[in-house]
Amino acid sequence: MSRVKLIGDMKEEIEQWFQLNNISSSEVTANTNLQHCESWSPVENGAIKCNVHANWINAHLHSGVAWIARDHYGNVTHHARDAIVHAPNHFIAELRCIIYAMTSLSDLGVTSVILSSDYTEVIEAIKSPLQWLRHRGLLQQVIQLKEKFQTITFEDEKVAANGIARDIARSVLRDGRFQSYLAMGGPSWLHDKIAREKHPSNI
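Residue 126 in full-length UniProt numbering sits at position 126 of the sequence shown, with consecutive numbering throughout.
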C-alpha cells in the first residue's frame, strides 16, 4: 500500500471518528438537557424555591397538600403537609395548597420565594386573576399574601421535577397523616431522593 493511500485511509478514518463522536456528543447533550428539564433544579438568585402539590382524589375525600422549600444549594429548609376537606376539584385544592404554603412561608419569615406547581392552569390563574373570576375569592387571598413578600414568583414545574412534593402529599391519605405538620429539613423517608435531586451528577 502506498504512503499516499495509507494517509488517505487514515484521514478518512479520522473524519469518520469525528463524525461519530459529534453525533454521540449531540445525543449526550440532548439527553442531558432533557434530564435537566425533567428534574428538579434550584434557583440561581439565592431565593427559596418552594414546590407544592395537592393530592386530590374526589370531592368526598380529604385531599393531601404539601410543600417543600429548598435554598439555592438544594438544601431543604422546611417541609409541611396537611389534609383539607371540601375541595370540589383539583384546581381549588391546588389553590388552597398554594395559600397554605404562602401563609406558612410568610410566618417563617421568608421574604423571597419562587413557588412552583405542576398544575399549569393554577399558575396561569394566579398570573391573570381577572380571567379566572370564578375563583376570585381564593385568588384574592393569593394577591393579599403576595404583599407579605419582597419578591415572589410563580412558576410551572414538570411533574417529574415536582416528585418530592407529590410524595409528601400522597402520604397524607396513604398513611393516614391527617394532622397538620411543619418541620425543618426534609422528611427522613425521602432523604435519598432529596439527595439525588441535590446532586444529580452523582446519579
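Glycine included, every Cβ here is placed at the ideal spot set by N, Cα and C. Computed from a prediction, not measured in an experiment: that's the story for all the values here.
Asked                                                                                                                                                                                                         : Found
Please go through the same chain and pick out, in chain order, the residues whose beta-carbon is closer than 7 angstroms to the beta-carbon of tryptophan 132, but skip the five residues on each side of it. : Ala125, Leu139
Whole angstroms are fine: how far does the CA of serine 188 sit from the CA of threonine 32?                                                                                                                  : Summary for threonine 32: the model assigns pLDDT 33, below 50, so the residue's position carries little reliability, and this model does not support an answer.
Ignore the nearest five residues each way along the sequence and tell me which others in phenylalanine 154's own chain have a CB closer than 7 angstroms to its CB.                                           : Leu115, Ile123, Ile126, Lys127
Can you list, in chain order, the residues of its chain with a C-beta nearer than 8 angstroms to that of isoleucine 99? Leave out the 5 residues immediately preceding and following it.                      : Leu138, Gln141, Val142, Leu145
From valine 65 to tyrosine 119, what does the alpha carbon distance come to, in whole angstroms?                                                                                                              : 13 angstroms
Counting pairs of beta carbons, one from the region 90-98 and one from the region 179-199, are three or more of them closer than 8 angstroms?                                                                 : no
What first and last residue would you give for the alpha helix (DSSP H) that runs through valine 76?                                                                                                          : Counting along the chain, valine 76 falls outside any alpha helix (DSSP H), though it belongs to the beta strand (DSSP E) covering 76-84.
Please report the straight-line C-alpha distance between histidine 86 and tryptophan 56, rounded to a whole angstrom.                                                                                         : 11 angstroms
DSSP state of valine 172, grouped into three classes?                                                                                                                                                         : helix
Please state the DSSP three-state secondary structure of residue 204.                                                                                                                                         : Summary: the structure shown does not reach residue 204, with the chain confined to residues 1 through 203, and so no result is reported for it.
Just verifying my parser: in three-state terms, what is the DSSP assignment at threonine 111?                                                                                                                 : coil
If we require 4 or more residues per run, which alpha helix (DSSP H) segments fall completely within the region 86-159?                                                                                       : 90-107, 120-127, 136-146
Identify whether alanine 47 lies in helix, strand or coil by the three-state DSSP scheme.                                                                                                                     : coil
Tell me the DSSP secondary structure of tryptophan 67 in three-state form.                                                                                                                                    : strand
Mark alanine 165 as exposed unless 16 or more other C-beta atoms lie within 10 angstroms of its C-beta, in which case mark it buried.                                                                         : buried
Measure the C-alpha to C-alpha separation of tyrosine 73 and methionine 184 and round it to an integer number of angstroms.                                                                                   : 16 angstroms
Leaving out five residues on either side along the sequence, give the residues of the same chain with a beta carbon under 6 angstroms from the beta carbon of serine 106.                                     : Lys148
Quick check on the burial criterion: 16 or more other C-beta atoms within 10 angstroms. Buried or exposed for asparagine 162?                                                                                 : buried
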